[in-house]
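A.B. asks:
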Amino acid sequence: MVKGKGLRIGYVSLIMLMVFTIVSSYVPQKAYATDEFDTLRARWKTMLTGGSSYNNLDGDISPRIADITAKAQGYWDSMNKAPAAPTNYLWVDLPAGDRTSSQVTSGFRRIRDMALATQTYGSPLYGNAQLIADVIMALDWMNTWRYNDTKASYDNWWDWQIGAPTALNDTVVLVYDSLSATQITTYMNAVIKYLPSVNKAGANLSWQAAVLILRGVIIKDSAKLIAARDALTTLFPYVTTSDGFYADGSFIQHNIYAYTGGYGANILIDTANLMYLLKGSTYEITNANQSNVYQWIYKSYQPLLYKGAMMDMSRGREIARYTSQDRDAGHFIMQGIIRLSQIAPAADANAFKSMIKYWIGAENLGSTTNKFYTDASINMILLAQGIMNDSAVAPASELVKYQQFAAMARAVQLRPGYGFGLALFSNKIGSYEGANSENLKGWYTGVGTTYLYNNDLNQFSEDFWPTVDKYRLPGTTVVSATYALSQYNTSNWVGGTDLLNVYGTTGIEMGITSNTPSTLTAKKSWFMFDDEIVALGAGITSTDTKSIETIVENRKLTSAGSNALTVNGVAQSTALGWSQSLLGVNTIHLDGNVPGSDIGYYFPTAVAVQAKREARTGKWNQIKTTGVTSGTSITKNYLTLWLDHGGNATNQAYQYVILPNKSNVEVASYASNPNITVLENSANAQAVKENTLNVIGVNFWNDGLKTVDQITSNKKASVMTKETSGELDVSISDPTQANTGSIQVEINKAAAGTLLADAGITVTQLSPTIKFSVNVSGAKGKAFKAKFSLAPVAATVIVDDANSTGVTLAGSWSIGTNLTNKYGTSYLHDGNTYHGLKSATFTPTLTAAGTYKVYMWWPSHTNRATNAQVDILHAGVTSTVTIDETQDGGQWNLLGTYTFNAGTSGNVKVRNDGADGYVTVDAVKFEPVP
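What follows is the structure, encoded as structure tokens:
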């Protein structure tokens, strides 16, 4: 929950910028460190202000100084500088008699913003004695009338224990040298009155710890500081229930909501700042679980931070805050990662700096105007500039990864050029959070909603949420134009598995109740391969008379709204207001807003697709009515595509393929020779094979033996396989997280051995099929992996007389070519001479041991022997048959079925012993028996 981000202030006028070139004569009294607490307080002040050793005319820093100055000046100008009855307030919109606790926090935040300007080097307000005096006057007034050690709290506890004291502490640090000891003690007594100790969980715990640690620094209270520090470290271990970070990278707040990019971000920031603040001091954090904090970056944040934007599917109700859109949240998290890079072990520090260099670089190359430096603190700008200018720091490579966040019902795939997020809900994770009058229309933001990220860095920024059609979010299956309040899923089958950490299969058995009220059920899967995402739906059923819709796409367009749309190769209207029912659709291509953001859609079975191009107008205060919001009307253009399953839908289905970044020509080419095959799309299983990768993904929806292609499971499961010439990778999970036993899996392949198997996998058979069990009790959706070396596959082998190897002759044989019923270009014959002294041995190289049918081909003729002798050497045993070469020529003739060892130990020998005519030899075939 990113609190305290006020309205963005634009650049000030050229005149103000010119003022910045005049260095103020103010030099603040240096707080020479007299003890360790003074050192820590000075460090925190530098974190707030950036210090004074920077170029205030720097192109990245001067706009930030301008923002700080303009905000402070605005609050100072509007402040009542002599509050007394009947105008006993500091700001007219924060009256003293109001019983809304958020006004206490707001008052302290405004005072802090003014104090910050007085300590920001390069600001015209730097060291302004009158402003400092008015800041102190405001602090005294707040202590007298709003926040003191005798006043009872009211309304929201958060303001008294976190919001107000956080801003108060910062302000005291900023103007510490201008305050009396009595004032400092008085202010800090108020803090301890409302927050005597840490008593919350999750992000609220980290906020409380930060308040008490900084108060301990200010008031030099080591006991409270240590207690708060130790409380903070209770957040470091991974949790298995309720709030906190999970081993799979999930973060949950309020027990049931995915919040990595919201509350989790605040834990990251507070933890990083406090670890840095206390580093090297008597109070340094040395908890053994501190290493988990560094792992949060790899597991929880890097996969969800796409080119500087934090994926909205992890931000809960914060998506409704116009001052904290996805890129703002991403920048906030990046500041936490930068802070950690100052104190992390060398390998982690270097990795974090590389991530930062990549993300900032991606933004700088992209089309967004909301770049990191536009909303970072001066301290962070300086640190980021140091990273960007450090030639020893190489930017991280684009992350290529698939990650299943089983605990919070999310999944993400990152591929070259795009990222694909999937937000689900389960019997443990709610569909969305709408609280404190925020996220009022988040109905379908987490019910199988897909989020496609690419080079269009502004797609989910720049006012997406107040303008998009909240009834039609991509990936969802919904009752048309009908909202659904926050709820749990009626089914626990939610999740999936990954293969090789790059491919994934995710599914949801969905049961959702709308306000009609009616319950909609469906089974939905997504198969994420190398350059396509296959979406399947089956069992779509509802008793509602309203149409059931599956939303294929709802994409924000350019300001003109004229992105080219091509259907089955035919250009459609680019006019806003256009809508049409498109029939017999196999392919759709939508031009992106910027290069590298085109999207294609392939429908394996031609369908009717509903399409609409429209301008939509909305306001932020329609989705957030309290706090900082906006009533300004905003208009954005959208292209929406959906499938209409009709009213009273029964067992409806769909299938389509999303093709990120493909051009119109590439989409048409893909459709003419698709890389995927839908193996099954039913209420029993959904499965897809990616033919070029030889990857199969299957979601088994029910308990009971079920086979799809080569995979059999006896329980609900998500399974993936990838076969190469010599190995088979398998991944399996229990998405229900309810199986207290095991899953039995059989793969219709023979293995030579087990190369690896996760703990919990027991291999019971390698041949003729692979069988293993997976103990999923308590696994909480974890994917179990195994790798097998495949037994060589028996292949048909033909040994021809013309082969340079495999044919051994005893005696003199002649080459014949005149008969037309020969195999290939020639054959051999014995000349009807030296009977008993000639033989021809045909030796195959068999790839695998097994049972083979042995065939022989000869060109027949009336002068051929009717009693040619043929010996078959198989597995050390010789069997002899007699053949009549006057008959059945020009075809494969079965000699028999025999067992052979792999290699060259077996053969077929043709002899002319006692022959009554010419003996011919042409070709021998060894055909494995399945």
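The sequence shown begins at 410 in my numbering and counts up by one.
Note that CB positions come from ideal geometry on N, CA and C, so glycine has one too.
(1) Can you give the Cα-Cα distance for Ala984 and Ser971, rounded to whole angstroms?
(2) Here's the rule: buried if 16 or more other CB atoms are within 10 angstroms of the residue's CB, otherwise exposed. What is Gln734?
(3) Who pairs with Arg819 in a beta bridge, going by DSSP?
(4) The ligand FAD and Gly1056: does any heavy atom of the ligand fall closer than 6 Å to the residue's C-beta?
(5) Are Ser723 and Gly658 close, meaning C-beta to C-beta below 7 Å?
(6) Based on the DSSP output, what are the partners of Gly1342 in its beta bridges?
(7) Alpha carbon to alpha carbon, how far is Gly1323 from Thr1101?
(8) Which residues in the same chain as Gly993 place their Cβ atom closer than 6 Å to its Cβ, once the five residues preceding and following it in sequence are excluded?
(9) Helix, strand or coil: which one does DSSP assign to Ala1126?
(10) In whole angstroms, give me the CA-to-CA distance for Leu1228 and Ala1211.
(11) If you draw a straight line from the C-alpha of Val1263 to the C-alpha of Ala1274, how long is it?
(12) Specify the secondary structure class of Lys1045 as computed by DSSP and reduced to three states.
(13) With a 10 Å radius around its C-beta and 16 neighbouring C-beta atoms as the bar for buried, classify Glu693 as buried or exposed.
(14) Since Gln617 is in the alpha helix (DSSP H), which residue starts that stretch and which ends it?
(15) Could you spell out the range, first to last residue, of the beta strand (DSSP E) harbouring Ser951?
(16) Kindly indicate which three-state DSSP category Asp1331 falls into: helix, strand or coil?
(17) So Tyr703 and Asp757 are in contact, right, with Cβ under 8 Å, and what is the actual spacing, rounded?
(18) For Glu1075, report the span of its alpha helix (DSSP H) as first-last.
(19) If you draw a straight line from the alpha carbon of Ser1269 to that of Ser1288, how long is it in whole angstroms?
(20) Under a Cβ-count criterion, where at least 16 other Cβ atoms within 10 Å of its own Cβ denotes burial, should Ser522 be classed as buried or exposed?
(21) Give every residue of the same chain whose Cβ lies closer than 7 Å to the Cβ of Lys810, excluding the five residues on either side of it in the sequence, and list them in chain order.
(22) How many Å lie between Ala442 and Ile769 at the Cα?
(23) Considering only residues of the stretch 1186-1230, which uninterrupted beta strand (DSSP E) runs meet the minimum length of 3 residues and lie entirely inside it, listed in chain order?
(24) Find out if the Cβ-Cβ distance for the pair Ile706, Lys762 is shorter than 7 Å.
(25) Considering just the uninterrupted stretch of the beta strand (DSSP E) at Asn1316, what are its terminal residues?
(26) Which first and last residues belong to the beta strand (DSSP E) in which Thr527 is found?
(27) Is the Cβ-Cβ distance between Arg748 and Tyr685 less than 7 Å?
(28) Assuming Asn1148 contacts Gly1169 under a Cβ cut-off of 8 Å, what Cβ separation, rounded to an integer in Å, is found between them?
(29) Taking the CB atoms as reference points, tell me whether Leu583 and Gln528 lie closer together than 7 Å.
(30) Express the C-alpha separation of Leu1050 and Pro1339 in angstroms, rounding to a whole number.
(31) Could you tell me which of Val1319, Val607, Ile635, Thr996 sits nearest to Phe446, measuring between CA atoms?
(32) So which of Ile960, Tyr862, Gly855, Phe1309 has the shortest CA-CA distance to Ser893?
(33) Give the range of the alpha helix (DSSP H) segment to which Asp549 is assigned.
(34) Ignore the nearest five residues each way along the sequence and tell me which others in Gln751's own chain have a CB closer than 6 Å to its CB.
(35) Taking its Cβ as the centre, do 16 or more other Cβ atoms sit within 10 Å of Lys490, making it buried, or is it exposed?
(36) Give me, in chain order, the residues of the same chain whose beta-carbon lies closer than 7 Å to that of Gly843; leave out the 5 immediate sequence neighbours on both sides.
C.D. replies: So, from the data block:
(1) 7 Å
(2) buried
(3) Phe814, Ala832
(4) Looking for the ligand FAD in the displayed structure turns up nothing, as the structure carries no ligands at all.
(5) no
(6) Not covered by the structure: residue 1342. The range shown for the chain is 410 to 1339.
(7) 55 Å
(8) Ala1015
(9) strand
(10) 15 Å
(11) 20 Å
(12) strand
(13) exposed
(14) 611-628
(15) 942-951
(16) coil
(17) 5 Å
(18) 1073-1081
(19) 23 Å
(20) It is worth fixing the name first, because residue 522 is Asp in this sequence and not Ser. With 16 or more Cβ atoms within 10 Å of its Cβ, Asp522 is classed as buried.
(21) Pro712, Leu823, Asn910, Val911
(22) Confidence at Ala442 is low in this model, with a pLDDT of 46, below 50, so its placement is unreliable and the value that follows should be read with caution. Cα to Cα, Ala442 sits roughly 36 Å from Ile769.
(23) 1193-1199, 1206-1209, 1216-1219, 1223-1225
(24) no
(25) 1316-1320
(26) Looking at the DSSP string, Thr527 is not in any beta strand (DSSP E); the run it does join, the alpha helix (DSSP H), is 511-527.
(27) yes
(28) Actually they are not in contact, since the Cβ atoms of Asn1148 and Gly1169 sit about 12 Å apart, beyond 8 Å.
(29) yes
(30) 47 Å
(31) Ile635
(32) At residue 893 the sequence reads Ala, which differs from the Ser that was named. Out of Ile960, Tyr862, Gly855, Phe1309, Gly855 has the C-alpha closest to the C-alpha of Ala893.
(33) 538-554
(34) Tyr685
(35) exposed
(36) Arg726, Leu849, Gly851, Ser895
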